[in-house]
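Just so we're aligned: 967 in our numbering is position 103 of the sequence shown, and the numbers increase by one with no gaps anywhere.
All remarks here apply to the structure that follows.
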Amino acid sequence: MKEIKRYKSNKNSLISKEDLFDIIFNNIYVGIDIIDNRGNMIYYNKAMEELEGLSAEEVLGNFVFDVFPSFNYENSTMFKCIETGKPIYDNIQSYLNNKGEQIYAMVTNIPIVKDGEVEGVVEFALDMDTIGNLYKTFNRWYSLKDTVFKKEKEKKGVDFYNLQDFKTKNIELKRTIERLEDVSKYDYNVLLFGETGTGKEILAQSIHNASYRKNKPFIAQNCAAIPENLLESIFFGTVKGSFTGAENKPGLFELADGGTIFLDELNSLPIHPQAKLLRAIEEGYVRRVGGQEDIKVDVRVIASVNKEPLNLVYEKKLREDLFYRISQIYIEIPPLRTRKEDILYLSGHFIKENSEFLDMKPIKLSSKVEDIFMNYPWMGNVRELKNVVIQSMINLKLEDGNEIEVRHIPKHIINENKKRKMKKILKYNEDKNYEERIIEVEKKLISEALYMTDGNVSEAARLLKIKRQTLQYKIKKYEIENVE
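Listed below in structure tokens is the structure:
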């Protein structure tokens, strides 16, 4: 059978075969790198640069173990591929680059074979966040495919979240969700207030899907991502010739006609464009940039802010009239650190949600990890918790265990826990007398030495320049907790 060629060369072509492949490889979201059979890095695409936090200049020409020091001849799938000449598919890896940064990816290694000899290995890699998003999107699409196709002509986008997707054990938040189930059907504008990562977009989609507009478009836009000079054209559209390169193009309000527009981080908009936004919301008309015609739009507005809205009004970062127009329904989502009951509940939910995808048997958090999670501030809220759980599950999978231990969770969580313990140990009592303060200073020095040496008594004794036996005696005498 004659082999089918996948590329047809043309001597008159303006682009070479090599350049064509380079353009393709550098414009896909899959990371690609290549090593020769001696382990030297010879190709590294842009997606791999982003995934591994390194530039091609830092990588190319270097030996692979110099770039990724956590690999060696025993654990490297690329060298295993060279040795066996067989591909290795979908291997989940956790490793460090030469900057000490942790990388989580699923990789596939394919040997490059010429005349029966392995000349090198091509590696394809996807970061775990990308895989998780693809998996979740596929599952939701598959389960809803019948209704999606029925609505395809009516909707310009597919939105999956409903109010049942917003998981919480917090009584007040549960009451809020129950109230939303009732009021979402009324066509009032909504303002959501919550820190980054609390789930404002999930709630916005849920409100849309609980309303009579659910079969119409849901258009979401992060206002912080729009350059100021493009705000009007993105919101209201453009007329051909209004400025260099302008075409007849609808804005977000026209695209959302009949449905809902979600303006995320509204407080990032400058004050001046807020006036035109207010006019569009109040009057139900927009005018494209460079146009003379007012276009009628029927849109429900859901907006979010990540700072207290009245403070934003007082600070002149949010127009007062706009605030009152968009806050006919006002919802506040408390940060995760103030609803402790949700921390372990959501951790269990994320474990269950990702176990099937990672092909893992039932697992749980150890009691030590539960304690750390319960006392961690979670400044990134639910988004951060989900990310930490997934990272921990990947690290556990590499060991094939059934319980997430302290060693599996990210280092910044462990370090924060150490700081919390140190603050507890070193809490100062102003009522103590001179002798008690001297003891406090000694306890502080010992605790700091133990902290700096990760609890190694011998190392701490050397640091303090005292005998190990003396240090052990004082640790016991003062009942100092060994920070590990």
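Ideal Cβ placement from N, Cα and C applies to all residues, glycine included.
Report all residues from its chain with a CB closer than 7 Å to the CB of residue i; omit the five preceding and five following residues, and keep chain order.
i, result
"Met1224", "Met1257 and Lys1261"
"Gly1148", "Lys1160, Val1161 and Asp1162"
"Gly949", "Pro975, Val977 and Val982"
"His1272", "Ser1256, Asn1259 and Leu1260"
"Asp1121", "Val1161, Asp1162 and Val1163"
"Asn901", "Ile946, Val982, Glu983 and Gly984"
"Phe889", "Ile896 and Asn909"
"Phe927", "Gly903 and Asn904"
DSSP beta-bridge partners for residue i?
i, result
"Glu1059", "In the DSSP output, where bridge partners are listed per residue, Glu1059 has none listed."
"Ser1168", "Leu1056"
"Arg1151", "Asp1158"
"Phe1082", "Thr1124"
"Pro933", "Per DSSP, none; premise fails for Pro933."
"Glu938", "Answer is none; Glu938 lacks a bridge partner."
"Ile974", "Val986"
"Ala1350", "The structure shown does not extend to residue 1350, since the chain is modelled only from 865 to 1348, so the question has no answer here."
"Thr1032", "Answer is none; Thr1032 lacks a bridge partner."
"Tyr1342", "Tyr1342 is not bridged to any residue."
"Ile1071", "Beta-bridge pairing links Ile1071 to no other residue."
"Lys1038", "DSSP, once it has assigned bridges, lists no residue as partnering Lys1038."
"Thr1102", "Lys1113 and Val1153"
"Gly895", "Ala989"
"Lys1228", "Glu1267"
"Tyr907", "Ile898"
"Tyr1194", "Leu1055"
"Phe889", "In DSSP, Phe889 forms no bridge with anything."
"Phe927", "Asn904"
Please identify the residue among the options whose C-alpha is closest to the C-alpha of residue i.
i, options, result
"Val1047", "Asn1320, Ile1193, Met1238 and Arg1077", "Ile1193"
"Tyr1342", "Ser1311, Val894, Gly980 and Val1150", "Ser1311"
"Lys1285", "Thr994, Asp1235 and Gly1123", "Asp1235"
"Tyr1025", "Ile952, Ile946, Gly1063 and Glu1096", "Gly1063"
"Ile887", "Ala1313, Ala911 and Arg902", "Ala911"
"Val1233", "Lys1216, Gly1244 and Val1253", "Val1253"
"Leu1094", "Ala1084, Ile967, Phe1107 and Glu1036", "Phe1107"
"His1276", "Phe1237, Glu1300 and Ala1313", "Phe1237"
"Asp991", "Ile1303, Ile956, Pro1274 and Gly1115", "Ile956"
"Asn1349", "Glu1263, Phe1030, Ser1191 and His1213", "The structure shown has nothing for residue 1349, since the chain only spans 865 to 1348."
"Gly903", "Ser919, Glu913, Asp930 and Gly895", "Asp930"
"His1136", "Leu915, Glu1092, Leu1067 and Tyr953", "Glu1092"
"Val923", "Gly1319, Lys963 and Ser1132", "Lys963"
"Thr1060", "Lys1171, Leu1119 and Arg1332", "Lys1171"
"Leu1142", "Gln1156, Phe1187 and Thr1102", "Phe1187"
"Leu1174", "Pro1199, Asn1131, Glu1323 and Arg1201", "Asn1131"
"Thr1421", "Gln1156, Arg1039, Lys1078 and Lys1331", "Since the displayed the chain opens at 865 and closes at 1348, residue 1421 lies outside it and no answer follows."
"Lys1078", "Ile1066, Ala1089, Tyr1178 and Lys1049", "Lys1049"
"Glu1345", "Glu1299, Pro1226, Ile1330 and Lys1283", "Lys1283"
Would residue i and residue j qualify as a contact pair, given that the criterion is a beta-carbon distance under 9 Å?
i, j, result
"Leu1056", "Glu1196", "yes"
"Asn1281", "Tyr1240", "yes"
"Ser1126", "Gln1069", "A small fix is needed here, since residue 1126 is Phe in this sequence, not Ser. Going by C-beta atoms, Phe1126 is nearer than 9 Å to Gln1069."
"Ala1144", "Val1150", "yes"
"Ala969", "Val1054", "no"
"Leu918", "Asn961", "yes"
"Ile946", "Tyr959", "no"
"Asp1318", "Lys1031", "no"
"Ser1191", "Thr1124", "no"
"Leu1027", "Pro1198", "no"
"Gln1085", "Ile1071", "no"
Return the chain-ordered list of same chain residues with a C-beta closer than 6 Å to the C-beta of residue i, the five sequence neighbours on each side being excluded.
i, result
"Phe943", "Tyr937"
"Gly925", "none"
"Thr941", "Ile952, Asn955 and Asn973"
"Tyr1209", "Lys1033"
"Ile1339", "none"
"Ile1278", "none"
"Arg1183", "Gln1138"
"Tyr893", "Ala911"
Might you give, ordered along the chain, the residues of its own chain that have their beta carbon closer than 8 Å to the beta carbon of residue i, omitting 5 neighbours on each side?
i, result
"Ser1230", "Glu1267, Ile1268, Glu1269 and Val1270"
"Thr1334", "Ala1325"
My understanding is that residue i touches residue j, with C-beta atoms under 8 Å, so please give their C-beta distance in whole angstroms.
i, j, result
"Val982", "Ile974", "Wrong, their Cβ atoms sit about 11 Å apart, outside the cutoff."
At a cut-off of 8 Å, is residue i close to the ligand GTP when judged by its beta-carbon and the heavy atoms of the ligand?
i, result
"Leu1027", "For the ligand GTP, the structure offers nothing, since it holds no ligand at all."
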